[in-house]
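The structure appears right after this line, and notes come after that.
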Amino acid sequence: MAVQERELPANEVLLEVKDLRTQFFTEQGVVKAVDGVSFTIKKGKVLGIVGESGCGKSITALSIMRLLPEPRGKIVSGTITFYPPEGGSVDITRLDRHSAEMRRIRGRHIAMIFQEPMTSLNPVHTIGDQIIEAIQLHQDVDKETARKRAIEVLNQVDIPHPERRINEYPHQMSGGQRQRAMIAMALSCYPSILIADEPTTALDVTIQAKILRNMRDLQRQYGMAIMLITHDLGVIGQMADEVLVMYVGRKVEQADVRELFLNPLHPYTQGLFRSIPLIGLKGKKLVPIAGSVPSPYNLPPGCYFAPRCPRAMDICRQEAPAEYEVEPGHFVSCWLYK
Amino acid sequence: MADTAVNLEASPAVPIDQERSTLTQTELIWRRFLRNRLAVIGGIILIVFYITMVCFPGFFSPHNHLIQREDYISVPPQLPRWFDEEGKFHWRPFVYGFTTELDMERFEWVHFVDTSQKYPIYFIARGEEYKLFGFIPCNIHLLGVEPPGTLFLFGTDELGRCLFSRILHGGQISLTVGLVGVILTIILGSIMGTISGYYGGLIDNLIQRLVELLMSFPDIPLWAALSAALPPEWSPAKRFFAISAILSLRNWTGLARQVRAKILAFREEDYTLAAQAMGASDRRIILVHLLPNAASHIIVVATLSIPGMILAETALSFLGLGIQPPVVSWGVLLQHAQEVAVVMDRPWLLLPGLFVVLAVLSFNFLGDGIRDAVDPYSN
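Protein chains in written order, with our numbering: chain A, 1 to 338; chain B, 1001 to 1379.
This is the structure in structure tokens:
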């Protein structure tokens, strides 16, 4: 690669989420969408968050962006501390979500891309106009400079003929190109953190691999951190440095990616690995996790996974487990490892 | 086999689809619009109407529309002719003059076509004075005849005023009321609709109840009461704008509801969330991301509501509550239609109604055409 990779200071924390609790207040009761999750995002690292649909992955992301559908969804406790590159620290949970300060963090410092590339670009504006808008929102540059920058990022995300395609409307592009354009828009302001919420789920597998490789390259080149939300362990294996496994709003396991793949500890994580097909393992049947995710209105006492867990003990059904550090950097919330 | 090979070679190297994909959005819209014959015809009629009536009514009318002529009271239309009474062809069309007698039984002037008087019609002729754009004195008309001849293409009214000229001048008011009223409607309707849809909650509730309140008033009595409240000493221009405002005061409610529905849908779209994630402010999201998406809808609703405005103005003036004489509008001209005698003896005085129908139909066809053309999912 022609682009020089930047030297990164190791383990520099950009974002620290502590005991985040986000709840939805609905007619049927309170839904604890995120229930006491803590993690850190470090400079130049990819944090993967895995879990089934509805486990609170996306809500964690929206809580960080302060884009929850208020007043239904609210952060009830916990802190999200952001360390801007210019120094200091901000607790995002204390900012007014409409304030200019929060808007400066969104897009400028923390950018986000979404699952559906078909709908996350505005159909009435050209790709170029939308990227230029994003640039001019956060940087004091004239339109010509912004346009040059837009062409540059489009080129970086591997869109051919960016100087021509910049004038095209979203409907003139394919799904993969739109997602690339979204990534370009997110990168246009040199964010320090990129939150990618299932960025490749809606795309073909071949395109998926290309886009992920491209994201990984750009992540190194820009020296930014990525918070990658997905339900696909394959994507995690290809992209992440550190992995967080979530189940019904709680963190069940967290480890370095190699450690997690080689030595999954939590029965839920083990179940996830048993339920994905692996090339070369002939004759081995896939084992689904028994049962289904509990209703958010009627959660079991104790560990939420206990009703489905093959190794559940009496205590699992009575009390929620604490988090244990089994190996250095490998955390698991399970009574088995007490 | 040989034939197929030849055909294959003859077929263009670039498939037609490729050429189509390089057309810009505007070109595609324009193509789709041109394919709709009725819409194009409606558009052409409206362009002609707006040029002849709104821009240069004085030039296109053969007479001054305000001059009263005692000798030409209730003259029937004088039709241009190319063949005279002996069947001889004339290159230059002409009109016959009149001999006028007093019918002592009914005590009315009766006009007989006098084939001995022939007045050839000239293009770009000098005639009665008028003011171009309302302030430049001018006496050049598109059509004219030598005095003492007259060119009453649509006849005259009971005061001897040229009806054709009056229709053109009436169109100036009637067609502009539609536009001004619709502009006011768009401004009010999209602002209220957007606020209502984007912020929701209490504001939404208040605006929607206000809309319902306004919608539940009966139209005609509301307009009548409001225009009766206009001070009589107001100048015609001031009165005209007041009438437009009164009409749009009731008309914005429909647009506001439609815009609200659109914004409610767009607000939940991913691109709105994406724009928020980019750090865009509420104002920016509304103006840059939501309204342009609703724009095609607003334009169509607006085009389709111009005829409603024209009809409303016509109705008000017909009842004597809208535009006041001597200023003319189509509604003012149609006040004659209230008399049975007109319908029986002087049916040409109903001609303004034909123009109302033409204008309203054209706007409807044009609006339909635009709606189909801007819809990216049509065919």
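Built from N, CA and C at the ideal position, the CB exists for glycine as well. All of these numbers come straight from a predicted model, not from anything done at the bench.
Between which two residues does the alpha helix (DSSP H) harbouring R1209 (chain B) extend?
Note, R1209 (chain B): alpha helix (DSSP H), 1201-1216.
Expressed to the nearest angstrom, what Euclidean distance is found between the alpha-carbon atoms of L47 (chain A) and H109 (chain A)?
Looking at the two C-alpha atoms, the distance is approximately 17 Å.
Kindly indicate if chain B contains any beta-carbon less than 7 Å away from that of E86 (chain A).
So no, E86 (chain A) is outside the interface.
Buried or exposed for N122 (chain A), please, with buried defined as at least 16 other CB atoms from any protein chain shown within 10 angstroms of its CB.
The residue in question, N122 (chain A), is buried, as its Cβ has 16 or more Cβ neighbours within 10 Å.
Please list, in chain order, all residues of the same chain as G1170 (chain B) whose beta carbon is under 6 Å from its beta carbon, the five residues on each side excluded.
Excluding sequence neighbours, G1170 (chain B) sits near V1328, S1329, W1330, L1333.
So the candidates are B:V1259, B:V1356, B:A1274; which of them puts its Cα closest to the Cα of T119 (chain A)?
The shortest C-alpha separation from T119 (chain A) is found at B:A1274.
Tell me, which residues are paired with I41 (chain A) by DSSP?
I41 (chain A) pairs with A:L15.
Which class does P1120 (chain B) belong to by DSSP, given the choice of helix, strand or coil?
DSSP places P1120 (chain B) in strand when its eight states are reduced to three.
Take V157 (chain A) as the anchor and find which of A:D129, A:I183, A:T22, A:Q172 has the nearest alpha-carbon.
Looking at the Cα atoms, A:I183 is the closest of the given residues.
With distances taken between CB atoms, is the gap from V1259 (chain B) to A1294 (chain B) smaller than 7 Å?
Yes, these two residues count as a Cβ contact at 7 Å.
Excluding the 5 residues preceding and the 5 following P1012 (chain B) in the sequence, name in chain order all residues of the same chain whose CB lies nearer than 6 Å to its CB.
With a pLDDT of only 46 at P1012 (chain B), under 50, the local geometry of the prediction cannot be trusted, and the value read off the model is given with reservation. Nothing meets the Cβ criterion.
Evaluate contact between the stretch 89-97 of chain A and the stretch 155-175 of chain A, counting only Cβ atoms and requiring at least three cross-stretch pairs below 8 Å.
Not touching, per the Cβ criterion.
Comparing alpha-carbon positions, which option in A:A111, A:D19, A:I166 lies nearest G249 (chain A)?
Measuring from the Cα of G249 (chain A), the nearest candidate turns out to be A:D19.
Rounding to the nearest angstrom, what Cα-Cα distance links T60 (chain A) and G78 (chain A) in this structure?
Looking at the two C-alpha atoms, the distance is approximately 12 Å.
Taking only the alpha-carbon atoms, compute the straight-line gap between H1111 (chain B) and P1347 (chain B) and give it to the nearest angstrom.
One C-alpha to the other measures close to 15 Å.
Distance check for E163 (chain A) and T1026 (chain B), CA to CA, integer angstroms please.
Roughly 20 Å between the two C-alpha positions.
Chain B partners of A134 (chain A), CB-CB under 7 Å?
In chain order: M1278.
Of all the CB atoms in chain A, is at least one closer than 7 Å to the CB of Y1271 (chain B)?
Y1271 (chain B) counts as touching chain A.
Which residue's Cα is closest to the Cα of G1149 (chain B): B:Q1117, B:G1320, B:L1361, B:L1287?
Minimum Cα distance to G1149 (chain B) is reached at B:Q1117.
Cα separation between A1359 (chain B) and Y1119 (chain B)?
Cα to Cα, the separation comes out at about 32 Å.
Using a Cβ-Cβ cut-off of 7 Å, state whether V124 (chain A) counts as contacting chain B.
For V124 (chain A), the answer is yes, since a Cβ of chain B falls inside 7 Å of its Cβ.
Looking at S333 (chain A): is its Cβ nearer than 7 Å to the Cβ of E319 (chain A)?
Not closer than 7 Å, so no.
Have a look at I226 (chain A) and S63 (chain A) and give me their C-alpha separation to the nearest angstrom.
Cα to Cα, the separation comes out at about 16 Å.
Consider the Cβ of T60 (chain A): report whether some Cβ of chain B lies at a distance smaller than 7 Å.
So, not an interface residue.
Looking at chain B, is there any beta carbon in it that lies within less than 7 Å of the beta carbon of T119 (chain A)?
By this cut-off, T119 (chain A) is an interface position.
Pair every Cβ in the stretch 1364-1375 of chain B with every Cβ in the stretch 1190-1208 of chain B, then say whether three or more of these pairs are closer than 8 Å.
Short answer: they don't touch.
I need the straight-line Cα distance from V37 (chain A) to L187 (chain A), nearest angstrom please.
Distance between the alpha carbons of V37 (chain A) and L187 (chain A) is about 27 Å.
State the Cα-Cα distance for the pair P1326 (chain B) and F1094 (chain B), rounded to the nearest angstrom.
Taking the straight line joining both Cα atoms gives about 31 Å.
Is V339 (chain A) near L260 (chain A), with beta carbons less than 7 Å apart?
Nothing about residue 339 (chain A) can be read from this structure; chain A reaches only from 1 to 338.
Look up W1234 (chain B) in the DSSP assignment and say whether it is helix, strand or coil.
DSSP places W1234 (chain B) in coil when its eight states are reduced to three.
Of the choices A:E144, A:D241, A:E253, whose alpha-carbon is the least far from that of K45 (chain A)?
The option with the nearest alpha carbon to K45 (chain A) is A:D241.
Using beta-carbon positions only, say whether I229 (chain A) and I49 (chain A) come within less than 7 Å of one another.
Yes, they are a contact pair.
Mind listing the chain A neighbours of Q1025 (chain B)? Cutoff is C-beta to C-beta under 8 Å, in chain order.
Going along chain A in sequence order, the residues near Q1025 (chain B) (Cβ under 8 Å) are Y169.
Are at least three pairs of beta-carbons, each pair with one atom in the stretch 1208-1219 of chain B and one in the stretch 1291-1308 of chain B, less than 8 Å apart?
Segments in contact, no.
Can you give me the start and stop residues for the alpha helix (DSSP H) that T1314 (chain B) sits inside?
Unbroken alpha helix (DSSP H) run through T1314 (chain B): 1291-1318.
Please name the residue in B:T1115, B:A1280, B:I1183, B:E1070 whose C-alpha comes closest to that of E1086 (chain B).
The shortest C-alpha separation from E1086 (chain B) is found at B:T1115.
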